[in-house]
Amino acid sequence: MRRIYAFFISLQFFLILSLSHVQAQDTILFPLKIKVGFEVSGPVIYLIEKNNLIAEGFISADINEKYAAVLNAGYADYNYSQYNYEYLTNGIFIRAGVDINLLQPKKSQGKYWVGTGFRYGVSHFSSEVPVFGQDTYYGTIKSSIAPRTDWVHFLEFSPGVRAEVFKNLSIGWTVSLKMLIYSTTSKDLRPIYVPGFGNSGKLLSAGMSYFISFNIPYKKIRVITRKEEPEEPEDTGNTGTSGNRQQTSGIRQ
Amino acid sequence: MRKHFPRNLCIILSALFLILYSCTTGSCYEETDALVKASFYNYKTQKLQAPDSVTIYGLNMENSKLYNKAKGVQPALFPLNAATLSSKFIIKINGKTDTIEFRYNSYPHLVSKECGISFYHNLDTDRIFTRHAIINIYIGNRNISTVNEENIRIFY
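Protein sequence lines correspond, in order, to chains A and B.
The numbering used here puts the first residue of the first sequence at -18, with every later residue one more than the last.
The numbering used here puts the first residue of the second sequence at 6, with every later residue one more than the last.
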């Protein structure tokens, strides 16, 4: 019986110690948000040039103060003409991945984001060359290439920044670096533009995106911003200077 | 001040990138014509040797000479007609006239976004030529593209 009492007393003592340990840490309430947004530059360029439409939207949900799951989707209708050919393509794309916030929660406060994103993207599109011509020794030869549909898979690395400029309204940009990993396109007729991937069917593609997003806070979590510093070990005198040793030995005496 | 750092940073960097990021129209600096590249070889020495005089033009295209009594031609470039399955050329080497016929199939190839689309060709293995100055023709690379590499060897 005495042992049982001793056990419960020890348990209480342990719990009190644990609680006091938690209370010694600094914490903040961090708002997790669902963000719904769209890319701005595509529609703006379309309104100015009335030529190529690239529309893209995204939805993301904060998993915690650092990570957010993201899904981008869009549509592109791209036309290009050069002195000897015309190229048309249109298709859809989807990218899924995570955003990683590199800011400390105390600085970020759920409003600011400086970090990077990683995505896996898939694009399905149709392309054709209605007319192309070549000036040759025999005169100008004209031809065309029939429409064909293709798939492209790619990886995206997208560092950037985002800031909440008004309550629950953020703006930001990302630099996107994309690497093609699989393509059904022909070796001789690489696509000039791949929706969601960007210019040219080369292995690497770079671009920039400007986003506006509406943020919906859905949960608040308590985030530890500063952990309790461990107690400094007592100086045993073994690592001190000879003077300290003398002092320690003096105390012992 | 420290509190507002991320917002200021975002605005400044955004403005900077907006200024720096602009669309530019590219120019074409690549070769766009896929030509048969034929090197001249001395049959006796089996070494590269340009003829003293070379004249080349397409059959029935005497007014559009590709080379006219040219010296030091190495290699000679033959343009193929993408609208047909064969092209014939008259070739005069050191005053002796021969005819060469190339048979092939053609297909479009995107050189680049800036340079557009060009026709590439695949040569047949048939070697059709007369033998006044030419002794033999060797086909080394049947793929006729814009890449600067030898396709055939003309031994004379």
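All residues carry an ideal CB built from backbone N, CA and C; glycine is no exception.
Of all residues in the segment 97 to 111 of chain A, those with a C-beta nearer than 8 Å to a C-beta of chain B are Val110, reading in chain order. Taking a 10 Å sphere around the C-beta of Leu128(B), we find 16 or more other C-beta atoms and assign the residue as buried.
For Ile29(A), there is no enclosing beta strand (DSSP E); the enclosing alpha helix (DSSP H) has its first and last residue at Ser22 to Glu30. Under the three-state reduction of DSSP output, Ser111(B) falls in the strand class. The shortest CA-to-CA distance from Glu67(A) to any of Thr130(A), Gly114(A) and Tyr199(A) is the one to Gly114(A).
Between Ile162(A) and Phe135(A) the beta-carbon gap is near 6 Å, inside 8 Å, which marks them as a contact.
Bounds of any alpha helix (DSSP H) do not take in Pro176(A), whose DSSP letter is neither H nor E.
Proximity of chain A to Leu115(B) at the Cβ level (cut-off 8 Å) is accounted for by Asp169, Leu170, Arg171 and Ile173, in chain order. Identification of residues in the segment 110 to 137 of chain A having a C-beta nearer than 7 Å to some C-beta of chain B yields Val110, Phe113, Gln115, Thr117, Tyr118, Tyr119, Ile122, Ser124 and Ile126, given in sequence order. Taking 9 Å as the Cβ-Cβ cut-off, the segment 119 to 135 of chain B approaches chain A at Glu119, Cys120, Gly121, Ile122, Ser123, Phe124 and Tyr125, given in chain order. A Cβ of chain A is located within less than 8 Å of the beta carbon of Pro84(B). Setting aside the 5 residues that flank it on each side, Ala49(A) is surrounded in the same chain by Ser41, Asp43 and Asp80, each with a C-beta closer than 6 Å to its C-beta; the list follows chain order. Taking a contact to require three or more Cβ pairs closer than 8 Å, the segment 135 to 155 of chain A and the segment 53 to 73 of chain B do not qualify as touching.
Close partners of Ala88(B) in chain A (Cβ separation under 8 Å): Tyr119 and Ile122. Taking the C-beta atoms as reference points, Arg76(A) is found nearer than 8 Å to Asn53(A).
Bridge pairing for Asn148(B): Asn127(B) [DSSP].
If you look at Ser89(A), you'll find it in the alpha helix (DSSP H) that goes Pro86 to Ser89. Contact annotation: Gly18(A) and Ala36(A) have beta-carbon atoms that are not nearer than 8 Å. Burial check for Pro80(B): the Cβ neighbour count within 10 Å reaches 16 or more, so the residue is buried.
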